[in-house]
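Visitor: Just so we're aligned: the sequence shown equals residues 155 to 381 in the numbering used here. Backbone N, C-alpha and C define an ideal beta-carbon position, used for all residues, glycine too. Computed from a prediction, not measured in an experiment: that's the story for all the values here. First, the structure itself, so that you have it in front of you.
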Amino acid sequence: MNIQFIMDYLSELSMNNNREWYHANKNDYKKANEEFENLLQALILEIGKFDGSILHNSPKDLTFKIVRDTRFSHDKSPYNPAFRAHIASKGKLPVPVGYYLMLKPGNQSFLGGGLFADMFKEATTMVRDSIAKNGEEWEKLIHEPEFESYFTVQGTTLKNVPAGYDKEHPQAKYLKFKSWYLEYLLNDEELSNAEHFIAKTAKIFRIIKPFNDYLNKVLTEFTMPKR
Numbered sequence: 155m156n157i158q159f160i161m162d163y164l165s166e167l168s169m170n171n172n173r174e175w176y177h178a179n180k181n182d183y184k185k186a187n188e189e190f191e192n193l194l195q196a197l198i199l200e201i202g203k204f205d206g207s208i209l210h211n212s213p214k215d216l217t218f219k220i221v222r223d224t225r226f227s228h229d230k231s232p233y234n235p236a237f238r239a240h241i242a243s244k245g246k247l248p249v250p251v252g253y254y255l256m257l258k259p260g261n262q263s264f265l266g267g268g269l270f271a272d273m274f275k276e277a278t279t280m281v282r283d284s285i286a287k288n289g290e291e292w293e294k295l296i297h298e299p300e301f302e303s304y305f306t307v308q309g310t311t312l313k314n315v316p317a318g319y320d321k322e323h324p325q326a327k328y329l330k331f332k333s334w335y336l337e338y339l340l341n342d343e344e345l346s347n348a349e350h351f352i353a354k355t356a357k358i359f360r361i362i363k364p365f366n367d368y369l370n371k372v373l374t375e376f377t378m379p380k381r
């Protein structure tokens with residue numbers, strides 16, 4: 155797979171973010187998308203060595219569209235110059251949580267995991283309740299030395315601990331969260347060698363896996379709302 159072609163295409167799209175350029179260069183988009191799917195297939199096989207639950211996925215079912223919904227945005231650029239994917243046991247659905255990848259030029263690429271979606275109140279409550287009841291397990295998870303050397307838990311937060319939870323709880327900071335996720339930033343140079351990138355990405359995702367496992371266990375009974 156040719157990651158440099160992907161990044162070059164996205165750089166051009168970023169500088170020519172209009173429908174005329176996009177359609178005039180549709181073949182380059184198709185080639186870049188094909189290279190991205192090839193990359194995802196290689197990653198699926200590597201991740202599958204430590205998480206077999208994702209091996210059944212087809213790359214094309216894991217990607218997100220680059221077309222932006224500009225109806226409620228001040229930015230009317232029609233395209234998001236990034237290739238994104240979520241690799242989980244049920245594909246790209248936000249739950250179960252899985253492994254997130256975004257390639258975007260300008261040192262904006264990153265790897266991630268955990269629960270990014272904060273609009274599912276039931277899921278948020280499930281995770282909060284678990285942290286409140288199993289604080290020691292949560293602390294052990296996020297302070298595991300290798301994990302802590304790479305990650306700090308991030309997420310959308312409230313100003314105060316929500317009603318119904320102990321404001322003096324040892325994990326009060328995390329009870330304010332509405333989402334709990336991890337990000338590992340990548341600079342463009344780290345994408346220059348596909349083989350090295352796949353190996354490093356698999357390593358980062360392996361470190362993320364226990365965090366994902368915790369959330370997925372908590373969210374076992376969660377059902378995605380029907381559209």
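Assign N211 to buried or exposed, taking buried as 16 or more other Cβ atoms, counted over all protein chains shown, within 10 Å of its Cβ.
Guide: As a first step, residue 211 is located in the sequence shown; it is residue number 57 there, counting from the start. By the 10 Å Cβ count, N211 comes out buried.
Visitor: When you compare the CB positions of A239 and L194, do they come within less than 8 Å of one another, or not?
Guide: As a working note, residue 239 is residue 85 in the sequence shown. As a working note, residue 194 is residue 40 in the sequence shown. Their beta carbons are under 8 Å apart, which means A239 touches L194 by this criterion.
Visitor: Locate the beta strand (DSSP E) running through S284, then write down its first and last residues.
Guide: On the sequence shown, position 130 is the one that residue 284 refers to. That residue, S284, is in no beta strand (DSSP E); its alpha helix (DSSP H) goes K275 to K287.
Visitor: Measure the C-alpha to C-alpha separation of L197 and M155 and round it to an integer number of angstroms.
Guide: Locating residue 197 in the sequence shown gives position 43, counting from the first residue. Locating residue 155 in the sequence shown gives position 1, counting from the first residue. Roughly 11 Å separates the two Cα atoms.
Visitor: Report yes if the CB atom of I361 is closer than 8 Å to the CB atom of E302, and no otherwise.
Guide: The sequence position of residue 361 within the sequence shown is 207, counting from 1. The sequence position of residue 302 within the sequence shown is 148, counting from 1. Against a cut-off of 8 Å, the Cβ pair of E302 and I361 comes out as no contact.
Visitor: When DSSP labels each residue in this structure, what does G252 get in the three-state scheme?
Guide: As a first step, residue 252 is located in the sequence shown; it is residue number 98 there, counting from the start. In this structure, G252 counts as coil in the three-state DSSP scheme.
Visitor: Which same chain residues end up closer than 7 Å to I201 when comparing Cβ atoms and leaving out the 5 residues on each side of it in sequence?
Guide: Position 47 of the sequence shown, counting from 1, holds the residue named residue 201. Answer for I201: I208, I241, Y253, A356 and F359, listed in chain order.
Visitor: Is it buried or exposed, E189, if we count other Cβ atoms within 10 angstroms and call 16 or more buried?
Guide: Locating residue 189 in the sequence shown gives position 35, where the first residue counts as 1. With 16 or more other Cβ atoms within 10 Å, it is buried.
Visitor: Looking only at its chain, what residues have a beta carbon closer than 6 Å to the beta carbon of F305, apart from the 5 residues adjacent to it on each side?
Guide: Taking the sequence shown and counting its residues from 1, one reaches residue 305 at position 151. Only L336 meet the Cβ criterion.
Visitor: For the beta strand (DSSP E) that S263 lies in, which residues bound it at each end?
Guide: As a first step, residue 263 must be located in the sequence shown, where it is residue number 109. From DSSP, the beta strand (DSSP E) with S263 extends over S263 to L269.
Visitor: Alpha carbons only, please: which of L312, N347, D320 and S346 is nearest the one belonging to F331?
Guide: For this step, residue 331 is matched to residue 177 along the sequence shown. Shortest Cα-Cα distance from F331 to any of L312, N347, D320 and S346 involves L312.
Visitor: When you compare only the Cα positions, how much space is there between I157 and V249?
Guide: Along the sequence shown, one-based indexing puts residue 157 at 3. Along the sequence shown, one-based indexing puts residue 249 at 95. Between I157 and V249, the C-alpha separation is close to 28 Å.
Visitor: Going by DSSP, what residue range makes up the beta strand (DSSP E) through L339?
Guide: What you label residue 339 is simply residue 185 of the sequence shown in a count that begins at 1. Residues W334 to L340.
Visitor: Please classify L194: does DSSP put it in a helix, a strand, or coil?
Guide: As a first step, residue 194 must be located in the sequence shown, where it is residue number 40. If DSSP states are grouped into helix, strand and coil, L194 belongs with the helices.
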